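Have a look at the structure below, then the notes.
Protein chains: 2
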Amino acid sequence: MEEPNVGELKPPERVLLGPGPSNVHPRVLGAMNTSIVGHLDPYFVDIMDEVQDLLRYVFRTDNEWTLPVSGTGSASMEAGISNLVEPGDTVLVPSNGYFGARMESMAQRAGGETVRVDAPWGEPLDAVDVQEAFNEHQPDIFGFVQAETSTGTLQPDVSELVDIAHSHDALTIVDTVTSLGGVELHVDDWGIDVSYSAAQKCISCPPGASPLTLNDDAMDKILSRETEPRCWYLDLAELEDYWGDNRSYHHTAPVTNIFGLREALRIVAEEGIEERWNRHLRVSGALKSGIEAMGLEMNSRDDAWLPTLNAVRVPDGVDDDTILRRLVEEYNIEISAGLGDLEGEILRIGCMGHSARAQNVLYLVDALGEILDDEGVDVSPGDAVAATSDAL
Amino acid sequence: MEEPNVGELKPPERVLLGPGPSNVHPRVLGAMNTSIVGHLDPYFVDIMDEVQDLLRYVFRTDNEWTLPVSGTGSASMEAGISNLVEPGDTVLVPSNGYFGARMESMAQRAGGETVRVDAPWGEPLDAVDVQEAFNEHQPDIFGFVQAETSTGTLQPDVSELVDIAHSHDALTIVDTVTSLGGVELHVDDWGIDVSYSAAQKCISCPPGASPLTLNDDAMDKILSRETEPRCWYLDLAELEDYWGDNRSYHHTAPVTNIFGLREALRIVAEEGIEERWNRHLRVSGALKSGIEAMGLEMNSRDDAWLPTLNAVRVPDGVDDDTILRRLVEEYNIEISAGLGDLEGEILRIGCMGHSARAQNVLYLVDALGEILDDEGVDVSPGDAVAATSDAL
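Top to bottom, those sequences are chains A and B.
Per this note's numbering, the first sequence starts with residue 1, numbered consecutively.
Per this note's numbering, the second sequence starts with residue 393, numbered consecutively.
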């Protein structure tokens, strides 16, 4: 068996305007390019406390159980779901995007029975439908998505949906993967019981340690489970024994990722969370202005526009693959295609964290305009860039 | 809710001679300090192939299903166990260390019934006992540990134990967390069905993407499961759909960790796997010579000496906490204490990967000798360093 002969790592310098990862601030990479320490080192133990405080800041919560899960976003998602859901629980999940289906699969594997509240892909849930689903199924847990990465749709009335669940004595799990640090979110004020997110979206940290927070009601349900959670690696009572005061060894934390996450969250705190939400609105709003000035159409209605992930209808006369390929090959820009019911129908243009900057949206609007013009679509690239510029 | 005020990251420069993480080569940190790309980027897809080839090289296998799991070592451990074990399977696990107990917990959560083969902590399993356990319980799966991190014990006869399992039509899961890349291991030649490891031990990469390999027999069992694996995040059939030819999105890979793992494995390949095993024997053997010249005693018998993690009896007249604390505070050296049945009885001194170098073991032997001398233990630090030097 010969040694494989692989060359030096030379990744291309992409402008990351897809559904994540977003571009990483050099300070975050610098924090990861430091001496590693042990996961039980006294220095690291202090870092753990700081990361938890920073996570509470971005989630807008005082929740004790607030920690980064040692995996990418789907790991914090499954940690939330697989600990909260006990065999026999009924779990209400949405059908209006890819991540509702993932919730459903995770809840079923945890032993839950799942029921659905429907909405078309690309539209938010309607509170009336949620109310009806509660009346019909009396679920124990309601999971839904604040910012659907697969469709670029914002759920604009999170606190209202949480209130419906609480009035039926159900707990809520809210997916904030594509909203945390980019879209207004108040875990405590809105009463959210469990929320999970990812590092590589609006926090702009390489993926590998993923934010999760749970309130006391969720914690109490987990601590009074009759059966163990089905995944040892994601067992929150054991994780909390490491992240909490006991500092008991559970598994080796991804130390370097935690260093990076700390720096990325520090940058969020320096900017200020509300200013950061406003920046996403402003920069992505300028992108939207450019897109619309080009004659293209947004897929979401205005109250469900998701500034961190813009769903744009693919115009007639060109296919999405061509646009994506030319953006990467000719401009080094990554955006993404639609999924599921929206496959071939939309472009997904992210505007998250360190990627959400004026130079990136100007460059994207210019590049997209040039490509569409070249492909024979009737657009005016110059007007589009001007509209973007005016809105910045 | 105020912004937490946390300062600049300034981790201390530890000499990492504990049970992991080991020190990371600057080239590995450099590879992580590069532009991030998307997890479906064509550039990253090529990187994935290279990482898989490099993993096959260190595991000494041609297994198609060879991939890094998106989490730390316990994630690849649970990926192996929770996919292979189906509800109702009987799983034989060892009782001679911490990680056998972890296997047991994971197998039970996957729905398996567990039975044990016993040996004292600090001793390897006896093949006769394994044979008897097979005769008594007829397990479907036998999990055991090549290199017990909790006790510093090598299982010297891995292929013999695998043969016993195969003669009873059972599959094997071998923990190589503290052996892969540091201790002789031949997954294919020894007939191992499933083996998992970690990045931060003898591979010397920050933890976060963890090696796993499965042969065709294990793959066939998984692909013919009647129930879904209980953890979505670690579902190997779905992971293989992303890492294999389909490249179907499952979850976001920890791109930066994969970059680091690739560089760490490149360094292994440049050194050559056999030369790397020999280096661990030579450098750790010198450490052992120094320890013994000091008058201290190794905990493991000679044929179960684990060069990557040396278990040293705590001498009379001093407690382990004092030694560990003084090593960190006065010398910036991390070693570790005993666990479970060996708590307070042993020191665990790692010698792994980039940490397994002459300067580190000379420094540790010198520091340990000075501390013990200062604490009133009758040792001769100068002789110990001389013995270490002679053996290098």
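By construction, the Cβ of each residue, glycine as well, lies at the ideal position given by its N, Cα and C atoms.
None of the values given here were measured: they were computed from a predicted structure.
Output, in chain order, the set of chain A residues within a Cβ distance shorter than 7 Å of residue i.
| i | result |
| --- | --- |
| Q751/B | Correct list: empty, because the minimum Cβ distance to chain A is about 16 Å. |
| D567/B | Here the premise fails: no neighbours, minimum Cβ distance about 14 Å. |
| A661/B | E3 and P4 |
DSSP on residue i, reduced to helix/strand/coil?
| i | result |
| --- | --- |
| R266/A | helix |
| N5/A | coil |
| G260/A | helix |
| S195/A | strand |
| V416/B | coil |
| T644/B | coil |
| L322/A | Here residue 322/A turns out to be Thr, not Leu, going by the sequence shown. Reduced to three states, the DSSP call for T322/A is helix. |
| M686/B | coil |
| V566/B | strand |
| L40/A | coil |
| I222/A | helix |
| I141/A | strand |
| K201/A | coil |
| W669/B | helix |
| D390/A | helix |
| A356/A | coil |
| G111/A | coil |
| G317/A | coil |
| G761/B | helix |
| G80/A | helix |
| K680/B | helix |
| E639/B | Here residue 639/B turns out to be Arg, not Glu, going by the sequence shown. Correct three-state label for R639/B: coil. |
| G480/B | coil |
What does residue i reach in chain B if we use C-beta pairs closer than 9 Å?
| i | result |
| --- | --- |
| L84/A | Simply none; closest approach about 15 Å. |
| N33/A | P418, L421, G422, M424 and N425 |
| Y57/A | M393, E394, E395 and P396 |
How about residue i and residue j: are their beta carbons less than 7 Å apart?
| i | j | result |
| --- | --- | --- |
| L84/A | G350/A | no |
| A601/B | P460/B | yes |
| Q538/B | V550/B | yes |
| S70/A | G463/B | yes |
| R501/B | W232/A | yes |
| E13/A | S427/B | yes |
| G768/B | G730/B | no |
| W513/B | E632/B | no |
| A269/A | C205/A | no |
| V283/A | A356/A | yes |
| T506/B | L701/B | no |
| Y435/B | V429/B | yes |
Give the interface partners of residue i over in chain B, defined as CB-CB distance under 8 Å, in chain order.
| i | result |
| --- | --- |
| T172/A | The contacting residues do not exist; T172/A stays about 20 Å from chain B at best. |
| C231/A | E470, S474, R501, R622, C623, Y625 and L626 |
| I291/A | Those within 8 Å of I291/A in chain B number zero; the least Cβ separation is about 21 Å. |
Which residue or residues does DSSP assign as beta-bridge partners of residue i?
| i | result |
| --- | --- |
| R740/B | A703/B and S728/B |
| W232/A | DSSP lists no partner for W232/A. |
| W697/B | T545/B |
| A147/A | L154/A |
| P603/B | P460/B |
| D789/B | The requested residue 789/B is not part of the displayed model; chain B covers only 393 to 784. |
| R116/A | V93/A |
| V407/B | I725/B |
Alpha carbon to alpha carbon, how far is residue j from residue i? Give it in angstroms, no decimals.
| i | j | result |
| --- | --- | --- |
| W697/B | S681/B | 12 Å |
| L719/B | G652/B | 29 Å |
| A311/A | F534/B | 50 Å |
| V174/A | L484/B | 40 Å |
| T256/A | V647/B | 13 Å |
| D140/A | R230/A | 19 Å |
| W277/A | L673/B | 55 Å |
| V393/A | L287/A | Because residue 393/A is not part of the residues shown, which for chain A are 1 to 392, the question remains open. |
| L125/A | L342/A | 17 Å |
| P207/A | I659/B | 24 Å |
| V187/A | T780/B | 57 Å |
| E663/B | E370/A | 49 Å |
| R639/B | V437/B | 8 Å |
| D770/B | D782/B | 22 Å |
| V520/B | N23/A | 57 Å |
List the residues of chain A whose Cβ lies closer than 8 Å to the Cβ of residue i, in chain order.
| i | result |
| --- | --- |
| Y435/B | P11 and P12 |
| A590/B | T252 |
Along chain A, in chain order, which residues have C-beta atoms closer than 9 Å to that of residue i?
| i | result |
| --- | --- |
| M498/B | C231, W232 and Y233 |
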